[in-house]
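J.:
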Amino acid sequence: MDGAAHASHLDVVKRLHANRSEGCTSSAMDRAASSGHLEVVKWLHVNRREGCTVNAMNRAAINGHIEVVKWLHENRSEGCNADTIAGAAENGHLKVVKWLHKNQGEANARLAMTKALQRSRFEVVLYLHAEGFEALAFDDNTVFHDPCWELAQWLMANHAEQHSNVHDAVSMAYVCHHQGVVEAEIKCPERLQDSGGSCHITHAFEKEVRDRFVSCYCLPEGGLSHVTRLLDAYLDEVSAKWTLVQSYKQTSSLRLMQYIIARHPAAGMDQFYGRWVFNAATKLVASRGDLTALQWLMESYLPNAFMTAAVDATATNGSLRILEWLFERHGDRCYSGGMEMCGALENNHVEVVEWLRMHTVPRAECVRMVLRSAAKAGNLVVVQWLCEESNADAEDAFVHAQIRRQWATARWLLTNYALPSDRIEWKAAAEDGELAYLQFVHSCFPRDIPEWISTLAAAGNGHLDVLQWLYSELGMKLTERTMSEAAENGHLNVVKWLHINSCKGNTWSMDGAAINGHFEIVRWLHDNRDEGCTEMAMTGAASSGHLEIVEWLHTNRTEGCTAMAMDEAAQSNHKNVVQWLHEHRSEGCTAAAMDGAALEGHLEMVQWLHTHRREGCTTSAMNWAAREGHLDVVKWLHANRSEGCTTLAMDRAASEGHLEVVKWLHDNRREGCTVNAMDRAAVNGHLEVVKWLHENRSEGCNADTIAGAAENGHLKVVKWLHKHRSEVYTQFPITKAIANDRMDMVLYLHAERLVLTAARLVSRYCLPEGGLSHVTRLLDAYLDEVSAKWTLVQSYKQTSSLRLMQYIIARHPAAGMDQFYGRWVFNAATKLVASRGDLTALQWLMESYLPNAFMTAAVEGAAMNGSLRILEWLFERHGDRCYSGGMEMCGALENNHVEVVEWLRMHTVPRAECVRMVLRSAAKAGNLVVVQWLCEESNADAEDAFVHAQIRRQWATARWLLTNYALPSDRIEWKAAAEDGELAYLQFVHSCFPRDIP
Numbered sequence: 000m001d002g003a004a005h006a007s008h009l010d011v012v013k014r015l016h017a018n019r020s021e022g023c024t025s026s027a028m029d030r031a032a033s034s035g036h037l038e039v040v041k042w043l044h045v046n047r048r049e050g051c052t053v054n055a056m057n058r059a060a061i062n063g064h065i066e067v068v069k070w071l072h073e074n075r076s077e078g079c080n081a082d083t084i085a086g087a088a089e090n091g092h093l094k095v096v097k098w099l100h101k102n103q104g105e106a107n108a109r110l111a112m113t114k115a116l117q118r119s120r121f122e123v124v125l126y127l128h129a130e131g132f133e134a135l136a137f138d139d140n141t142v143f144h145d146p147c148w149e150l151a152q153w154l155m156a157n158h159a160e161q162h163s164n165v166h167d168a169v170s171m172a173y174v175c176h177h178q179g180v181v182e183a184e185i186k187c188p189e190r191l192q193d194s195g196g197s198c199h200i201t202h203a204f205e206k207e208v209r210d211r212f213v214s215c216y217c218l219p220e221g222g223l224s225h226v227t228r229l230l231d232a233y234l235d236e237v238s239a240k241w242t243l244v245q246s247y248k249q250t251s252s253l254r255l256m257q258y259i260i261a262r263h264p265a266a267g268m269d270q271f272y273g274r275w276v277f278n279a280a281t282k283l284v285a286s287r288g289d290l291t292a293l294q295w296l297m298e299s300y301l302p303n304a305f306m307t308a309a310v311d312a313t314a315t316n317g318s319l320r321i322l323e324w325l326f327e328r329h330g331d332r333c334y335s336g337g338m339e340m341c342g343a344l345e346n347n348h349v350e351v352v353e354w355l356r357m358h359t360v361p362r363a364e365c366v367r368m369v370l371r372s373a374a375k376a377g378n379l380v381v382v383q384w385l386c387e388e389s390n391a392d393a394e395d396a397f398v399h400a401q402i403r404r405q406w407a408t409a410r411w412l413l414t415n416y417a418l419p420s421d422r423i424e425w426k427a428a429a430e431d432g433e434l435a436y437l438q439f440v441h442s443c444f445p446r447d448i449p450e451w452i453s454t455l456a457a458a459g460n461g462h463l464d465v466l467q468w469l470y471s472e473l474g475m476k477l478t479e480r481t482m483s484e485a486a487e488n489g490h491l492n493v494v495k496w497l498h499i500n501s502c503k504g505n506t507w508s509m510d511g512a513a514i515n516g517h518f519e520i521v522r523w524l525h526d527n528r529d530e531g532c533t534e535m536a537m538t539g540a541a542s543s544g545h546l547e548i549v550e551w552l553h554t555n556r557t558e559g560c561t562a563m564a565m566d567e568a569a570q571s572n573h574k575n576v577v578q579w580l581h582e583h584r585s586e587g588c589t590a591a592a593m594d595g596a597a598l599e600g601h602l603e604m605v606q607w608l609h610t611h612r613r614e615g616c617t618t619s620a621m622n623w624a625a626r627e628g629h630l631d632v633v634k635w636l637h638a639n640r641s642e643g644c645t646t647l648a649m650d651r652a653a654s655e656g657h658l659e660v661v662k663w664l665h666d667n668r669r670e671g672c673t674v675n676a677m678d679r680a681a682v683n684g685h686l687e688v689v690k691w692l693h694e695n696r697s698e699g700c701n702a703d704t705i706a707g708a709a710e711n712g713h714l715k716v717v718k719w720l721h722k723h724r725s726e727v728y729t730q731f732p733i734t735k736a737i738a739n740d741r742m743d744m745v746l747y748l749h750a751e752r753l754v755l756t757a758a759r760l761v762s763r764y765c766l767p768e769g770g771l772s773h774v775t776r777l778l779d780a781y782l783d784e785v786s787a788k789w790t791l792v793q794s795y796k797q798t799s800s801l802r803l804m805q806y807i808i809a810r811h812p813a814a815g816m817d818q819f820y821g822r823w824v825f826n827a828a829t830k831l832v833a834s835r836g837d838l839t840a841l842q843w844l845m846e847s848y849l850p851n852a853f854m855t856a857a858v859e860g861a862a863m864n865g866s867l868r869i870l871e872w873l874f875e876r877h878g879d880r881c882y883s884g885g886m887e888m889c890g891a892l893e894n895n896h897v898e899v900v901e902w903l904r905m906h907t908v909p910r911a912e913c914v915r916m917v918l919r920s921a922a923k924a925g926n927l928v929v930v931q932w933l934c935e936e937s938n939a940d941a942e943d944a945f946v947h948a949q950i951r952r953q954w955a956t957a958r959w960l961l962t963n964y965a966l967p968s969d970r971i972e973w974k975a976a977a978e979d980g981e982l983a984y985l986q987f988v989h990s991c992f993p994r995d996i997p
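Here's what the structure looks like:
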């Protein structure tokens, strides 16, 4: 009963009370109060005698449940501790702090002030200060957790005289502002008095079309006073919901901005919030090329305020006219010389790029990123200019020029700089057919041979001239995979050339050609080669709808197909193929056929299978149709089939925002849903679905739902959850919002006093890179405390911050560690960053932290996460330092990272002792290509693979193994196949073992 009360399961509490004798303890009411479950608290008070302890009001107050606190005060005698107010203050619960201060004589308000300061709860600080606590309890150990530049400046402006170290609080501005912006602000302190604003949070607006029409076209400019009054009354309501930025974002209306400012002037705002609004607005109007609105903002709204982002937005949008106006009229008010050229380069605004080149010089810390953007855009003029004017990182530019296929730029960099040969992208150049570039690179590095995958790239993309050069000039080998790449991609001329040059092949050549519809190659291989194909040829051709190839293979080849042929053809809605297979082949299909057709919304196909086939479907049919919003399919399955669905149907429909499907399932089915329905609907921003579930279902949501909605920027959902769902956990939303640059979300959550997990924020965004020594000192002091608690691995696990890892290593270098422990840390860290796909962090660990250490787990981590880019980088740059050929393919297989699996198959061969486990994973994943490859290449344990294929219901894989290996009948999973309705598989097994009875 204690646990049920804590989780707010009042129905369970009541049932246990009525039917069981165990009862509960005082923890029941304590924990219910802590979680804000007032109805449970009231019921326990009336119906049980255990009562509660002071922990009830303590925890309710600390967690911000003001109604519970009030009720306990009025109806219970336990009270709370003197320090309770401090916990509420620390968590930013202003209403609770006010109530406790007024109603609890034992409240320790002085400790509350200290806690509020330490957690930067400025509203609480202001309230307590106004209540007579004049002294701000700064000391040498005070840590400021709020990263807002404007709030820090407010503190300095109001209390610098009382406390000299208030000035250090300003250094926290580094959290939210670029270093150059902070420096510009410090150089112009008079700008601190230029603007105003209170943290004005709006919710999303209704009647959007009407609001937009009125604000754009109907704002009066004199005359018709009755119209003016009517529109003013209407817009008073509208503008109460909108900030300055939101109004322009929705309407592009200068008039509406002027209307809003007339009713909420800058003079009445907090000055720091007002400057944030100003910068957000100037950035937005500049990005839309609206010079009139920008001129009004700069010359009428805040005529002296400094702009931090307008130049960047203008350049990114390509508005040369606005750039010229800004520099001519307000050059001293614009932050430039930073990253503004990047957006212009990457969006190919050539005129703007040239203008910026003539009028600005990138700051030293920005040169690398500007040069990278120029290289990616192939702007050789800017690349040459930056390389000549500064000590630029040519190697980084060279790498990114090749990644974006800017071969002329890459060639210039290679000509003019001594770059390492291991940075050459041979494969990418071969894919593009850049023979001249490859020949030039070879002339620079005559002893270097491209990686063998370059031949596959050339063959797969039909670049015969490149392939011939690699073969004849560099002596690169032609492999079976070279032939199959050419065949499956339809390059018959390459296939013929490979054949003339005695290139070996395998069955995948014809399989791949058939799957991709290259009929001419299928016939040529049949006539001129003897490798043949497998049943995957007809199966894949059917799946892709190539009926002509299916018919030809049926007539001219003997391999046949599997039930997967009709299954996948049905899912792809190739009705002619399905009908032909039904009439001419005996393999039939499985329930996956109707399931797949339902998933894709092919109702006619579902109906045809229902009429002509007996395999039926599973609950997945209705589940998937609901997820995809195919209500017609859901209704038909409900009316004509008996399989039904599971809770996944409503869960998935809600997740995708299909409200009509959710309503229909609620009205017509009994399966219901789980908490995942509201969770995923909220995380994906489907507010109407969330509201409907709240009003009509009882499952609720999880505690961390609000954090997911905040991370994705769904402000309407966050506001609604915060007001209507008591179970949501409020510790992480603001951190998620800041980490994803959701400023409107941050302002709302801050106003609601939600907790900011400052360690993660500071470590990820605020480690300084030169300059501003007072910022460095404050952050160093803060991070000294943080890093003392974290290892290298823990720091990255908590923050994903390369900078914090670098900070920790700078203070605890590898040279000072036990060498074996150091290697263990290195391998744990490389595995973690590789599993998260963080190439920058991995590169630093391998090339700067321990540049010679051997890695035991990074390849496995990258493969498990599906990070192909990292795998390619590891093998190209550090192949001799990576342990591979082991279990790395297992994770990729079981997580269905098909591209990674194929890449590993081409680049690694599992060690003999690992083959069994890799084959098992392939069988469990139903990856028939890998199963066939391992069985053909090694003496693999087919029996073990067969068992696990059946356990995971991979019937096509199990059938292939049973067809090709002598497996014992006692390994047949008759029961599992019967559960899945796999009649075709059972019939096939029976044909293999006619004397065996299930």
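First residue of the sequence shown? That's 0 in numbering that gives the first Met the number 0, and the numbers climb one at a time after it. For each residue, glycine too, the CB sits at the ideal point set by N, CA and C. None of the values given here were measured: they were computed from a predicted structure.
1. On a CA-only basis, which of S571, R613, S585 and V577 is nearest E599? Give me that one, please.
2. Can you grab the Cα-Cα spacing for the pair H329 / L296, in whole Å?
3. Tell me whether M804 sits in a helix, a strand or coil according to DSSP, three-state version.
4. Considering C991, what are the terminal residues of the alpha helix (DSSP H) in which it resides?
5. What number of angstroms, rounded off, separates the C-alpha of G836 from the C-alpha of Y820?
6. Please report the distance separating the alpha-carbon of E567 from that of G544.
7. I want to know whether the stretch 911-926 touches the stretch 945-955 - three or more CB-CB distances under 8 Å.
8. Can you give me the start and stop residues for the alpha helix (DSSP H) that N639 sits inside?
9. Does the separation of the CB atoms of A941 and L966 fall below 8 Å?
10. Starting from T962, follow the alpha helix (DSSP H) in both directions and report where the run begins and ends.
11. Determine, using beta carbons only, whether R1005 and F444 come nearer to each other than 8 Å.
12. Residues in its own chain within less than 7 Å of V716 by CB, not counting five upstream and five downstream?
13. If you run the structure through DSSP and keep just helix, strand and coil, what is C913?
14. What are the boundary residues of the alpha helix (DSSP H) that V351 is part of?
15. Looking only at its own chain, which residues have a Cβ that is under 8 Å from the Cβ of V908, when we skip the five neighbours before and after it?
16. Taking the alpha-carbon positions, what's the A400 to A427 distance?
17. Tell me which residue opens and which closes the alpha helix (DSSP H) that D82 is part of.
18. The alpha helix (DSSP H) spanning H498 covers which residue range?
19. So the candidates are A309, M112 and W523; which of them puts its Cα closest to the Cα of M325?
20. Could you spell out where the alpha helix (DSSP H) holding F518 opens and where it closes?
21. Just to confirm my understanding: we take L15, look at its own chain, exclude 5 residues before and 5 after, and list those with CB closer than 6 Å. What are they?
22. Three or more C-beta pairs under 8 Å: does that hold for the stretch 856-865 against the stretch 875-889?
23. Measuring alpha carbon to alpha carbon, tell me which of A59, A891, N926 and E978 ends up nearest A957.
24. For L9, collect the residues of the same chain with a Cβ closer than 7 Å to its Cβ; drop the 5 residues on either side in sequence, then sort them by chain order.
25. Quick one: what's got a C-beta closer than 7 Å to W623's C-beta in the same chain, skipping five residues either side?
26. Does the beta-carbon of A5 have 16 or more other beta-carbons within 10 angstroms, so that it is buried, or is it exposed?
27. Residues in its own chain within less than 8 Å of A391 by CB, not counting five upstream and five downstream?
28. Checking 8 Å against the spacing of the C-beta atoms, do L546 and N575 come in under that value?
29. Tell me which same chain residues have a C-beta within less than 8 Å of the C-beta of T829, skipping the five on either side of it?
30. Just to confirm the assignment: which complete alpha helix (DSSP H) runs, minimum length 4, are found wholly within the stretch 438-510?
31. Quick check on C386: does DSSP put it in helix, strand or coil?
32. What does DSSP give as the partner residues of C560 in its beta bridges?
33. By Cβ distance, which residues of its chain are closer than 7 Å to V398, with the 5 residues on each side in sequence left out?
34. May I ask which residues mark the beginning and end of the alpha helix (DSSP H) holding D678?
35. Cβ atoms of L524 and M509: under 8 Å apart, would you say?
36. DSSP three-state call for M268: helix, strand or coil?
T.: This is what the structure gives:
1. Counted from its first residue, the sequence shown places residue 599 at position 600. Of S571, R613, S585 and V577, the residue nearest in Cα terms is S571.
2. The residue labelled residue 329 in the question sits at position 330 within the sequence shown. The residue labelled residue 296 in the question sits at position 297 within the sequence shown. Going from the Cα of H329 to the Cα of L296 covers about 12 Å.
3. Counting from 1 along the sequence shown, the entry for residue 804 is found at position 805. Three-state result, M804: helix.
4. Here residue 991 refers to the residue found at position 992 when the sequence shown is read from its first residue. L982 to C991 is the extent of the alpha helix (DSSP H) around C991.
5. Here residue 836 refers to the residue found at position 837 of the sequence shown. Here residue 820 refers to the residue found at position 821 of the sequence shown. So the alpha carbons of these two residues sit roughly 24 Å apart.
6. For the purposes of this step, residue 567 is taken as the residue at position 568 of the sequence shown. For the purposes of this step, residue 544 is taken as the residue at position 545 of the sequence shown. E567 and G544: Cα-Cα distance of roughly 9 Å.
7. yes
8. Along the sequence shown, read from residue 1 onward, the residue named residue 639 stands at position 640. Taken as a continuous stretch (DSSP letters only), the alpha helix (DSSP H) holding N639 covers L630 to N639.
9. As a working mapping, residue 941 is identified with position 942 in the sequence shown. As a working mapping, residue 966 is identified with position 967 in the sequence shown. For A941 and L966, yes; Cβs fall inside 8 Å.
10. Counting from 1 along the sequence shown, the entry for residue 962 is found at position 963. Run containing T962: W954 to N963, per the alpha helix (DSSP H) assignment.
11. Since the first residue of the chain shown is 0 and the last is 997, residue 1005 is not available in this structure.
12. Residue 716 sits at position 717 when you count from the first residue of the sequence shown. Contacts found: A681, G684, L686, V689 and A708.
13. By 1-based counting over the sequence shown, the position of residue 913 is 914. Residue state, collapsed to three classes: helix.
14. Numbered from 1 along the sequence shown, position 352 holds the residue referred to as residue 351. Segment V349 to H358, the alpha helix (DSSP H) holding V351.
15. Walking along the sequence shown from the start, residue 908 turns up at place 909. Same-chain partners within the cutoff: G884 and E936.
16. Along the sequence shown, read from residue 1 onward, the residue named residue 400 stands at position 401. Along the sequence shown, read from residue 1 onward, the residue named residue 427 stands at position 428. Rounded to whole angstroms, A400 to A427 spans 11 Å at the Cα level.
17. Translated into positions along the sequence shown, residue 82 becomes position 83. First-last for D82: undefined, no H or E at that position.
18. The count along the sequence shown starts at 1 and reaches residue 498 at position 499. Start and end: L491 to I499.
19. Residue numbering aside, residue 325 sits at position 326 when the sequence shown is read from its first letter. Just to set this straight, residue 325 is Leu in the shown sequence, not Met. For the residues A309, M112 and W523, the minimum Cα distance to L325 belongs to A309.
20. Position 519 of the sequence shown holds residue 518. Element bounds for F518: F518 to N527.
21. By 1-based counting over the sequence shown, the position of residue 15 is 16. Cβ within range, chain order: M0.
22. yes
23. Counted from its first residue, the sequence shown places residue 957 at position 958. Residue N926 is the option with its Cα nearest to A957.
24. Counting from 1 along the sequence shown, the entry for residue 9 is found at position 10. Excluding positions up to five away in sequence, the list reads E38, V39 and W42.
25. Locating residue 623 in the sequence shown gives position 624, counting from the first residue. So the list reads D594, A597 and L598, once near-sequence residues are dropped.
26. Taking the sequence shown and counting its residues from 1, one reaches residue 5 at position 6. Residue identity differs from the one stated: residue 5 is His in this sequence, not Ala. By the 10 Å Cβ count, H5 comes out buried.
27. Position 392 of the sequence shown, counted from the first residue, corresponds to residue 391. Cβ neighbours of A391 beyond the five flanking positions: V366, R367, L370 and L385.
28. One-based indexing of the sequence shown puts residue 546 at position 547. One-based indexing of the sequence shown puts residue 575 at position 576. In contact: L546 and N575 (Cβ atoms closer than 8 Å).
29. In the sequence shown, residue 829 corresponds to position 830, counting from 1. Excluding positions up to five away in sequence, the list reads L841, L844, M845, M854, A856, A857 and G860.
30. 452-459, 463-471, 479-487 and 491-499
31. In the sequence shown, residue 386 corresponds to position 387, counting from 1. Of the three classes helix, strand and coil, the one that applies to C386 here is helix, per DSSP.
32. Start at 1 with the first residue of the sequence shown, and residue 560 comes out as number 561. None; C560 has no bridge partner.
33. Residue numbering aside, residue 398 sits at position 399 when the sequence shown is read from its first letter. Contacts found: R422.
34. To locate residue 678, count along the sequence shown from 1; it is residue 679. Residues V674 to V682.
35. Numbered from its first residue, the sequence shown carries residue 509 at position 510. Numbered from its first residue, the sequence shown carries residue 524 at position 525. Their beta carbons are under 8 Å apart, which means M509 touches L524 by this criterion.
36. Position 269 of the sequence shown, counted from the first residue, corresponds to residue 268. In this structure, M268 counts as coil in the three-state DSSP scheme.
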